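The next block holds one structure in the form of structure tokens; read it before the comments.
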Amino acid sequence: MGTITSDDRIAIGELFARYCHSVDHGDTAGWTALFTPDGVFEVAGAMRLEGHEQVGMMPSVVTQQGGGKWRHQITSIAVDPGAQDDLAKVTAYGLVTDWGNEGKPMAFSDYAITLRRVDGQWRIQTLLATQA
23 MGTITSDDRI AIGELFARYC HSVDHGDTAG WTALFTPDGV FEVAGAMRLE GHEQVGMMPS
83 VVTQQGGGKW RHQITSIAVD PGAQDDLAKV TAYGLVTDWG NEGKPMAFSD YAITLRRVDG
143 QWRIQTLLAT QA
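FYI, the numbering for the sequence shown is 23 to 154, going by our numbering.
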């Protein structure tokens, strides 16, 4: 079993902050960089995107559908060590609000995430969002 340090926890929190900002502001390069090259982004029963090319489509979809007014929040981030030092398991909550519609909630999901350390940086290997 691997270990998770305090520095890892800080870096993982920063990863998810960048996740929210990059997807909400149409930053395709920044968003894609958060995933491993073979990374998977999945919303259970709705979509599955694999690899940088497909995963990289998400920021433009969010911008197009939300008109730049959607905001993602990832909270209650719990990090557990993976089977090796370069892996971590994360559970979290994901909330999407629509500020073009008075900030009303649009979606609330449970996240199950596997992270892999690549070149010293934590990256998303798999992210499964299941709407609650």
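Note that CB positions come from ideal geometry on N, CA and C, so glycine has one too.
Model, not experiment: these values are computed from the prediction.
Note on Met80: 16 or more other CB atoms within 10 angstroms of its CB, so buried under the neighbour-count rule. Contact between Glu64 and Ala129 is ruled out by a C-beta separation of about 14 Å, above the 8 Å threshold. Nearest to Arg138 by C-alpha distance, out of Ile146, Ser131 and Gln86, is Ile146. For Met128, the uninterrupted beta strand (DSSP E) segment begins and ends at Lys126 to Val140. Under DSSP, His43 takes part in no beta bridge, so it has no partner. Counting C-beta atoms within 10 angstroms of its own C-beta, Thr119 has 16 or more neighbours from the protein chains shown and is therefore classed as buried. Assignment of Thr85 by DSSP, reduced to helix, strand and coil, places it in the helix class. The C-beta separation of Gly142 from Ser131 comes to about 29 Å, leaving the pair out of contact by the 8 Å criterion.
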